[in-house]
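Enquirer: The sequence shown begins at 1 in my numbering and counts up one residue at a time. Built from N, CA and C at the ideal position, the CB exists for glycine as well.
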Amino acid sequence: MAIRIRKAVMLAGLCLLLLSACSPGWKAEEMRVTPVKLFKGSERKYSPFLGRLSGSVKIHYRGDRDGMRIEADVWEDGEKTRTFEITSMSNKPANGKTDKKPNAADHELIFSAEPVIAEGADTNYDFTTVVVVKDGLSSMNEIIEGSGPYMGSGLIEHVKAFDGDPAGKTPLWGFQSTDRNAMRSVDFTPETLKRVRFAIVINAVVE
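#1: I need the boundaries of the beta strand (DSSP E) containing glutamate 191, first residue and last residue.
#2: Using a 10 Å radius around the Cβ and a threshold of 16 neighbouring Cβ atoms, would you call methionine 1 buried or exposed?
#3: With distances taken Cα to Cα, identify the nearest neighbour of alanine 113 among Lys37, Gly55 and Ser138.
#4: Is the stretch 52-71 in contact with the stretch 188-199, if contact means three or more CB pairs nearer than 8 angstroms?
#5: Could you give the first and the last residue of the continuous beta strand (DSSP E) run that contains tyrosine 150?
#6: Expressed to the nearest angstrom, what Euclidean distance is found between the alpha-carbon atoms of glutamate 79 and aspartate 73?
#7: By how many angstroms is the C-alpha of serine 90 removed from the C-alpha of alanine 167?
#8: Could you spell out where the beta strand (DSSP E) holding valine 33 opens and where it closes?
#9: Hey, would you say glycine 146 sits closer than 7 angstroms to threonine 123, going by beta carbons?
#10: Quick check: the Cα distance between threonine 170 and asparagine 203, rounded to an integer number of angstroms?
#11: Return the bridge partner residues of glutamate 85 from the DSSP annotation.
#12: Could you give the residue range of the beta strand (DSSP E) that holds aspartate 126?
#13: Around the Cβ of serine 88, are there at least 16 other Cβ atoms within 10 angstroms (buried) or fewer (exposed)?
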């Protein structure tokens with residue numbers, strides 16, 4: 001009797017496993033961000049168009065959300081003063097979304113900022129975002145106003161691939177500038193960004 005019960009439990013467990021594997025649904029979102037070295041390998045082709053303040057990431061997303069928004073946070077004197085949208089992209093497959101499988105998309109982005117001295121010696125930034133698509137490149141350009149003359153700038157970037165947050169903001173890339181003789185070491189955490197004189201952080205928001 002005990003053997004029959006054990007066999008029944010094993011068969012029930014196997015049936016559940018098979019039903020789970022064959023189910024048309026899915027259970028988890030995936031978001032993977034990979035930094036790209038712009039001045040190495042095949043990516044060197046972009047180097048003539050980029051300045052020192054530049055970077056690139058590839059984003060893989062799998063889930064039920066249809067789009068992804070790229071936005072910028074501007075930090076000044078340790079406070080986030082404004083956020084603005086740069087571009088938006090679709091996560092839908094080329095043949096449209098179906099009920100049997102989630103959306104799956106791969107995005108590649110390139111960022112570049114060029115300092116521009118404005119009237120009154122303020123430093124603004126000519127900011128360019130490039131989206132690499134199948135048929136070529138799509139670029140957006142705008143001037144981001146700074147709040148003072150800056151002596152130096154440095155990148156804020158990831159050094160290795162990581163899992164993003166599909167339910168929140170995922171920091172992709174950024175840079176900081178200062179009017180002081182020394183530049184602080186910062187990352188994407190609010191605790192360290194509160195120490196910067198000026199910074200721009202690019203984020204991805206899945207929606």
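Expert: In terms of the structure at hand:
#1: Where glutamate 191 is concerned, there is no enclosing beta strand (DSSP E), although the alpha helix (DSSP H) it sits in stretches over 190-193.
#2: Since pLDDT at methionine 1 reaches only 47, below the 50 mark, its modelled position is unreliable, and the value read off the structure follows with that caveat. Exposed, because fewer than 16 other Cβ atoms sit within 10 Å of the Cβ of methionine 1.
#3: Of the listed residues, the one whose Cα sits closest to alanine 113 is Gly55.
#4: Three or more Cβ pairs closer than 8 angstroms define a contact, and the stretch 52-71 falls short of that threshold against the stretch 188-199.
#5: Per DSSP, tyrosine 150 is not a residue of any beta strand (DSSP E), being assigned neither H nor E.
#6: Straight-line Cα distance between these residues: approximately 10 angstroms.
#7: Between the C-alpha atoms of alanine 167 and serine 90 there is a straight-line separation of about 16 angstroms.
#8: Per DSSP, valine 33 belongs to the beta strand (DSSP E) from 30-36.
#9: Yes, the pair counts as a contact, with Cβ atoms nearer than the cut-off.
#10: Between threonine 170 and asparagine 203, the C-alpha separation is close to 5 angstroms.
#11: Bridge partners of glutamate 85: Glu71.
#12: From DSSP, the beta strand (DSSP E) with aspartate 126 extends over 123-133.
#13: Classification for serine 88: exposed.
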